[in-house]
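First comes the structure, then the notes that go with it.
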Amino acid sequence: MILPALPIGFGLVAVTALAAVAARRTNLPPSIFLVLVGLGIGFIPGVPRIALRPDLVLTLLLPPLLYSAGVGMSWKGFRAHLRPILLLAVGCVLFTAASVAVVARYLLDLSWAVGFVLGAIVAPPDAVAPMAIAKRFPVPSRVLTILEGEGLVNDATALILFSFAVTAVVQGGAFSPGLAVGSFAAIVIGEILWGIAVGYAALFLRRHAHEPRVEIVLAMLTPFAAFWVPESLGGSGVLAAVTAGLFVSYNGPRFISPATRLQGFFVWDLVVYLIEGVIFLLTGLQAPVIVDSLGGADWMRLGLAAVSVTGIIILVRFVWVFTGTYLPCWLWPSWRRHNPAPPWQETFTIAFTGIRGVVSLAAALSIPLMSGPAPFPERGLLLLVTFSVILATLVGQGFSFAWVVQKLGLTILGKREANIAKQHEVQARVAGIDAA
2 MILPALPIGF GLVAVTALAA VAARRTNLPP SIFLVLVGLG IGFIPGVPRI
52 ALRPDLVLTL LLPPLLYSAG VGMSWKGFRA HLRPILLLAV GCVLFTAASV
102 AVVARYLLDL SWAVGFVLGA IVAPPDAVAP MAIAKRFPVP SRVLTILEGE
152 GLVNDATALI LFSFAVTAVV QGGAFSPGLA VGSFAAIVIG EILWGIAVGY
202 AALFLRRHAH EPRVEIVLAM LTPFAAFWVP ESLGGSGVLA AVTAGLFVSY
252 NGPRFISPAT RLQGFFVWDL VVYLIEGVIF LLTGLQAPVI VDSLGGADWM
302 RLGLAAVSVT GIIILVRFVW VFTGTYLPCW LWPSWRRHNP APPWQETFTI
352 AFTGIRGVVS LAAALSIPLM SGPAPFPERG LLLLVTFSVI LATLVGQGFS
402 FAWVVQKLGL TILGKREANI AKQHEVQARV AGIDAA
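Counting in the numbering used here, the sequence shown runs without a single skipped number right up to 437 at its last residue.
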């Protein structure tokens with residue numbers, strides 16, 4: 002049964018609002034509560050199935066989330082932590098995808114190409130869920146900055162790799178590493194340049210608008226202008242939207258009045274809140290849709306696939322994060338002098354926070370039904386494993402995040418850091434008053 006889009010949209014927003022109110026009474030993170038609500042609603046007999054359209058997520062819901070995160074990101078913080086961000090967003094994604102492909106090949110007997118499709122799908126931690134959970138607790142700003150920066154960039158790496166892997170499957174396993182590397186570099190450079198161009202054009206138009214409401218409308222259009230063009234040309238659009246947001250974040254204060262920025266903040270806050278809530282709810286609602294698509298599947302094999310892939314992505318993230326953080330310090334004393342190793346508690350938290358989300362789900366749902374004249378190999382298995390990974394990491398790591406950071410003492414460090422920041426702010430204001 003296909004329902005009209007407007008009642009569905011209204012219902013999703015209404016359920017999101019009601020579930021957010023209920024989540025406060027349960028003391029659960031709203032993101033987890035909404036996924037569980039979606040699961041519960043989806044399996045109620047007689048409730049129509051609401052299948053998530055991948056293009057809806059990737060072209061309509063994702064761009065404003067990425068752009069707003071870029072605008073809200075401190076360019077200074079992003080640049081200061083660029084190395085760990087890129088190690089996670091590029092290196093860890095590729096390492097995870099390759100590790101999953103190995104498991105898929107030798108444990109699940111999938112082809113290398115299909116294994117890399119699965120690896121690319123489940124490799125990137127979500128850009129929304131980890132921050133929605135982590136920001137509820139006073140953790141050190143370095144941890145938040147790295148997690149947020151990773152979430153801004155990793156989807157681009159994964160979606161480009163996913164596109165290459167799907168093409169390899171459709172073409173019968175043909176794959177050219179040299180061509181893939183060249184294409185990846187061209188896409189990255191092109192999207193960054195396009196994002197800068199869109200950010201510059203947006204600020205130029207807003208500077209001459211002289212009307213806050215018009216400026217806010219232009220701001221709402223900016224992520225789609227940045228995202229849609231490279232996406233339609235075969236890129237991901239992710240880097241372009243993020244770059245446009247970072248460009249506006251860095252240059253905006255010189256061209257946008259404080260009053261307009263304040264109004265825009267409240268508008269964006271509401272838009273992002275609604276989109277995030279609807280995304281988490283839709284994620285839970287996909288469970289019955291995916292189960293229905295499996296038919297008479299081998300559930301023992303599906304269970305083995307789900308458990309093994311979930312375990313490997315958690316394990317390789319810990320290996321990558323700890324190795325990338327401490328190995329250079331152990332090998333090169335000069336590196337250690339200029340880049341002191343962070344506390345292991347912070348490193349553990351970054352490694353632990355690898356929650357998968359809606360981009361992985363949208364990528365899995367966008368797998369074509371056919372690969373030439375034959376059905377796409379193991380499509381049902383890829384869908385179920387993806388949803389299992391999302392559910393296991395979101396619920397498992399999301400539920401235990403508060404306990405982990407408290408046991409590690411990071412909440413104390415975060416509160417101390419926040420108090421120091423407030424003291425500096427008060428001192429700066431007093432100095433400004435004295436100077437006046």
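We treat Cβ as the ideally placed atom computed from N, Cα and C, and that holds for glycine.
On a predicted model such as this, the values are computed, not experimentally measured, just so you know.
Three-state secondary structure (DSSP) of residue 128: Secondary structure at residue 128: coil, using DSSP grouped into helix, strand and coil.
Please confirm whether residue 33 and residue 286 have their CB atoms less than 9 Å apart. no
Buried/exposed call for residue 68, threshold 16 Cβ in 10 Å: Burial of residue 68 is indicated by the presence of at least 16 other C-beta atoms within 10 angstroms of its C-beta.
Let me know if residue 9 comes out buried or exposed under the rule of 16 or more other beta-carbons within 10 Å of its beta-carbon. Exposed: under 16 other Cβ atoms inside 10 Å.
Cβ shell of residue 386 (< 6 Å), same chain only, five flanking positions each side left out: 306, 307 and 310
Can you tell me where the alpha helix (DSSP H) with residue 157 in it begins and where it stops? 142 to 171
Does residue 102 come out as helix, strand or coil in the three-state DSSP assignment? helix
Assign residue 407 to buried or exposed, taking buried as 16 or more other Cβ atoms, counted over all protein chains shown, within 10 Å of its Cβ. Exposed is the call here.
So is residue 183 buried or exposed if we call it buried at 16+ other beta carbons inside 10 Å? Taking every protein chain shown into account, the CB of residue 183 has fewer than 16 other CB atoms within 10 angstroms, so this residue is exposed.
For residue 376, three-class secondary structure by DSSP: strand
Would you mind working out which of 112, 277, 88 and 255 sits nearest residue 151, comparing C-alpha positions? Ranking 112, 277, 88 and 255 by CA distance to the CA of residue 151 puts 88 first.
Start and end of the alpha helix (DSSP H) containing residue 221? 213 to 233
Assuming residue 30 and residue 21 are in contact, meaning their beta carbons sit under 8 Å apart, how far apart are those beta carbons, in whole angstroms? With 8 Å as the limit, residue 30 and residue 21 do not qualify as a contact, their Cβ atoms being about 11 Å apart.
If we define contact as Cβ-Cβ less than 9 Å, is residue 402 a contact residue for chain D? Among the chains of the structure shown, chain D does not appear; only one protein chain is present.
Quick one: residues in its chain with C-beta nearer than 6 Å to the C-beta of residue 214, no 5 flanking neighbours on either side, listed in chain order? Counting only Cβ-Cβ distances below 6 Å, and skipping sequence neighbours, we find nothing.
Whole angstroms are fine: how far does the CA of residue 389 sit from the CA of residue 320? 22 Å
How far does the alpha helix (DSSP H) with residue 330 in it reach, from first residue to last? 300 to 332
Taking the C-alpha atoms as reference points, what is the distance between residue 283 and residue 330? 43 Å
In whole angstroms, what is the alpha-carbon distance linking residue 372 and residue 362? 20 Å
Could you give the residue range of the alpha helix (DSSP H) that holds residue 275? Its alpha helix (DSSP H) spans residues 259 to 295.
Express the C-alpha separation of residue 322 and residue 344 in angstroms, rounding to a whole number. 13 Å
Please report how far the alpha carbon of residue 273 lies from the alpha carbon of residue 332, in whole angstroms. So the two alpha carbons sit approximately 43 Å from each other.
From 291, 221 and 341, residue whose alpha carbon lies closest to that of residue 54: 291
Neighbourhood of residue 376 by C-beta distance below 7 Å, restricted to the same chain and skipping five residues each side: 370
With distances taken between CB atoms, is the gap from residue 208 to residue 257 smaller than 9 Å? yes
Inspect the CB distances between the region 117 to 130 and the region 342 to 360 and report whether three or more fall short of 8 Å. yes
Excluding the 5 residues preceding and the 5 following residue 154 in the sequence, name in chain order all residues of the same chain whose CB lies nearer than 6 Å to its CB. 90
Just mark residue 48 as buried or exposed, buried being the case when its beta carbon has 16 or more other beta carbons within 10 Å. exposed
Sequence-distant residues of its chain with Cβ nearer than 6 Å to residue 93 (five each side left out): 321
Quick test of the definition: if touching needs 3 or more C-beta pairs under 8 Å, does the region 59 to 73 touch the region 116 to 124? These segments do not touch.
Rounded to the nearest angstrom, what separates residue 167 and residue 219 at their Cα positions? Here the C-alpha atom of residue 167 lies approximately 35 Å from the C-alpha atom of residue 219.
Take the Cβ of residue 248 as the centre, count every other Cβ of all protein chains shown within 10 Å, and call the residue buried at 16 or more, exposed below. buried
According to DSSP, what are the bridge partners of residue 371? Answer is 376, bridged to residue 371.
What are the start and end residues of the alpha helix (DSSP H) that includes residue 79? Element bounds for residue 79: 76 to 81.
CB-CB under 6 Å to residue 15, same chain, minus the five flanking residues each way: which ones, in chain order? Answer for residue 15: no residue qualifies.
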